[in-house]
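Trainee:
In our numbering, the protein residues as written are 1 to 113.
1) By DSSP's criteria, residue 5 is part of a beta bridge. Which residues make up the other side?
2) Return the chain-ordered list of same chain residues with a C-beta closer than 7 angstroms to the C-beta of residue 12, the five sequence neighbours on each side being excluded.
3) Return no unless some Cβ of chain C is closer than 8 angstroms to the Cβ of residue 49.
4) Taking all protein chains shown into account, decide if residue 74 is buried (16 or more other Cβ within 10 angstroms of its Cβ) or exposed.
5) Anyone know if the C-beta pair for residue 25 and residue 84 falls short of 8 angstroms?
6) If you count every other CB in all the chains shown that lies within 10 Å of the CB of residue 104, and 16 or more means buried, which is it?
7) Exposed or buried, residue 90, counting other C-beta atoms within 10 Å across all chains shown (16 or more means buried)?
8) What is the C-beta distance between residue 2 and residue 63, in whole angstroms, given that I count them as a contact (C-beta under 8 angstroms)?
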């Protein structure tokens, strides 16, 4: 049986994260995107140590959508090099898994509007 997939990424603010998240859900590449505001990041970038306010986004999807999901995420992401970490899920509640699979089913049309 197909396994769920969590994708971790960050955005500069909640508005951008929600906009990209909605696009991914509408395309049925994700069943849900959780946006967690209020994060402060310290990171290495182009030879310097930087700090920034960011938000985390956790994307719930399925393993077979990993590549198209990453491509769609990167094409909409404002960062030059967005963080896209695929976090495999070893187990899920059967009802949760069924919901994720149903909402990301390849035979379902994208949401309109």
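For every residue, glycine included, the Cβ atom is placed at its ideal position computed from N, Cα and C.
It should be emphasised that the depicted structure is a prediction, and the values quoted were computed from it without experimental measurement.
Mentor: For this structure:
1) 61, 88
2) 54, 78
3) In the displayed structure, chain C is absent; only one protein chain is listed.
4) exposed
5) no
6) buried
7) exposed
8) 6 angstroms
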